[in-house]
Amino acid sequence: MSDIPPGILTKILARLPVMSLLRFRSVSKRVRALIDSSYFVNLHLEQSMRTNKVLAQFSGVGFSTSFRSLNLDPQPTAVELETPFNRSRFHLVLGTCNGLICLCSGPFDRLILLWNPSTRKCKQIPNPVDYPPTYSVLHAVDQLCYDHVNNDYKVVRLTQTCATGVWLDSKFYVYSLKLNAWLSMEQKFPYNDLLAYYKNQGVCVSGAIHWLLNQEPDPGQDYLMVSFDLASQTFQSVPLPECYDRYGDIDLGILEGCLCVVGNRESYNVDVWVMREYGVKESWSKLVALTMSSDMTNRLPSARPIMYLKNHKEVVLEINRQKFLIYDLERKESRNISFRNVSRMSTFVYHESLV
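Laid out in C-alpha cells, this is it:
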C-alpha cells in the first residue's frame, strides 16, 4: 500500500465496511493513523450515510431480547447480532445517531450504555447524580444527539424529582462523549409544569433534541413540541402541523433527517407529516394518509416512519411495534412484512461508522 497515493488510498478505504477497516489497521502505522484520524472517521460516515441499514430489537416470550440486522426488500431476512453487554439489563433503546446506539437499563437505576454494533464496542455512562433514598426520580427523559458545531456526541437527560411528597424543579444534564463528563445546565427547563405529561424520549434533528409535551393529562388535548439546541444550549418551541388537533394521538418521528409527526385517528386512520424545511411551519406536508384494515390492529393504530425505499417511491412504517408496512407513495398501495416469534420490536435506521 505504500505505493498508493494518499488521496487514492483514502477514497478506497472510505468505501469499505467497518470490519474490513479494523483488520486493515494492522497493515501499517500509516494506515492505522489514517483510519483513526477524525478526518477519516467523518469521511467514512459520510459515505456510510448513503446506505440505510435497519436494526431491530426483537422481544419474544418473557424478557428475551435480541438485536438483528434486517433486510426488508425484496425478501425479509434477519441476522442476529452479537452484543457485548447484558441484553436483559440494557433492554430499552433510546435512540441512534451516526452508528451509535443509546440504550438504558430501565426506569429505576437508569444507567445508559452507548454501543457501536460495527466496532462491537460499548461504553457505560454513570448517572450524573446519586439521589438520596428519600428521593423519587420520575419522568427521566434521555436522548443521544450529535453536536455538529463542536463535533461531539451528547446525551441529554431531563429529570424531575420528588422529595418527601414535594415536587422539585426539573434538572437538566448534558453528557459530553468528548469530555467524558456530565455537565449541569444552569438554565431551568422552561416548561417544568408540563414535564409530567411528556410524550416520548424525543428525536434528534438538526442538532437539537425534540420532545412532545401534552399540556393536559388526558391524551388528545393540546400538544407542544419543544427543542433543545446542543450548540447554543437554548430551548424553543417548534411549530406543529396546522391540523394536529384533529388527531386522537400524535407522536414524533424522523425520516432521513426530517422531523415527522404521526397523527393517529379512530377508524384505523394514520397520517404522516414531514417538515421539509426545519423550523418553517408552512413546510409541513402530508406524506402518507393511510387507512388500516381491521385485521391489522385491534386498537388505535400506532405507526412510526423508518426509511424510504426505491428512490423515495416507497416508505417503510413500523406498525404497533409488531410488523412493517411498506407504502407505495405513487400507487397509494401497501404490503405487510412480519417476522415470526416476535411479540414486540423497536426499529431504527443505522449507519456503519467508526465513531
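Numbered per UniProt numbering, the sequence shown spans residues 1 to 355.
Yeah, the Cβ is synthetic: ideal placement off N, Cα and C, and Gly gets one too.
The structure displayed is predicted, hence computed values, not measured ones.
- Taking a contact to require three or more Cβ pairs closer than 8 Å, the stretch 312-328 and the stretch 337-347 qualify as touching.
- Taken through DSSP and simplified to helix, strand or coil, Ala231 comes out as coil.
- A residue is called buried when at least 16 other Cβ atoms come within 10 angstroms of its Cβ; Phe85 does not meet this threshold and is exposed.
- Within the same chain, Cβ atoms closer than 7 Å to the Cβ of Arg89 are found at Ser105, the five residues on either side in sequence being excluded.
- The alpha-carbon separation between Val316 and Asp271 amounts to approximately 13 Å.
- Spatial neighbours of Val149 in its own chain (CB-CB distance under 8 Å, excluding positions within 5 residues in sequence) are listed in chain order as Gly207, Leu230 and Ala231.
- DSSP, reduced to helix, strand and coil, places Arg265 within a strand of the structure shown.
- Taken atom to atom, the span from the alpha-carbon of Gly253 to that of Leu113 is near 22 Å.
- According to the DSSP assignment, Ile250 belongs to the beta strand (DSSP E) that extends over Asp249 to Leu255.
- By the neighbour-count criterion, in which a residue is buried when 16 or more other Cβ atoms sit within 10 angstroms of its Cβ, Glu282 is exposed.
- DSSP assignment within the stretch 95-128 yields the following whole beta strand (DSSP E) runs of 3 residues or more, N-terminal first: 100-104, 112-116 and 121-125.
- Fewer than three pairs of CB atoms, one per stretch, sit closer than 8 Å, so the stretch 163-183 makes no contact with the stretch 237-244.
- If you look at Met345, you'll find it in the beta strand (DSSP E) that goes Arg344 to Tyr350.
- The C-beta distance from Pro128 to Leu81 rounds to 29 Å, too long to meet the 8 Å contact threshold.
- With respect to the C-alpha of Val288, the residue from Val261, Glu277 and Lys310 having the closest C-alpha is Val261.
- If the five residues before and after Pro190 are omitted, its C-beta is found closer than 6 Å to the C-beta atoms of Phe235, all from its own chain and listed in chain order.
- Per DSSP, the continuous alpha helix (DSSP H) segment holding Pro6 begins and ends at Pro6 to Leu13.
- Taking 7 Å as the cut-off, the Cβ atoms of Tyr350 and Lys53 count as close.
- By the neighbour-count definition (other C-beta atoms within 10 Å, threshold 16), Pro305 is a buried residue.
- In this model, Ile326 and Ser334 are separated by some 5 Å (Cα to Cα).
- Nearest in C-alpha terms to Glu46, of all of Lys29, Asn336, Ala14 and Cys204, is Ala14.
- The closest CA to that of Leu259, considering only Cys243, Arg276, Tyr244 and Asp249, is found on Arg276.
- Sequence-distant partners of Phe172 (beyond 5 residues in either direction) whose C-beta falls short of 7 Å from its own C-beta, in its chain, are Leu158, Met185 and Phe189.
- For the options Leu168, Ile125, Val226 and Gln143, the alpha carbon positioned closest to that of Asn180 is the one of Ile125.
- Taking every protein chain shown into account, the CB of Glu314 has 16 or more other CB atoms within 10 angstroms, so this residue is buried.
- Judged by their CB atoms, Cys122 and Ile209 are not nearer to each other than the 7 Å cut-off.
- For Lys188, there is no enclosing beta strand (DSSP E), as DSSP marks it with neither H nor E.
- The continuous stretches of alpha helix (DSSP H) do not include Met307, which lies in the beta strand (DSSP E) extending over residues Ala303 to Leu309.
- Distance from the Cα of Ile35 is smallest, within the candidate group Thr119, Glu330, Val79 and Ser66, for Thr119.
- CA-to-CA, the gap between Gln201 and Ile4 works out to about 47 Å.
- Boundaries cannot be given for His91, as no alpha helix (DSSP H) includes it and DSSP labels it neither H nor E.
- Using a Cβ distance threshold of 7 Å, Gln143 and Leu177 do not count as a contacting pair.
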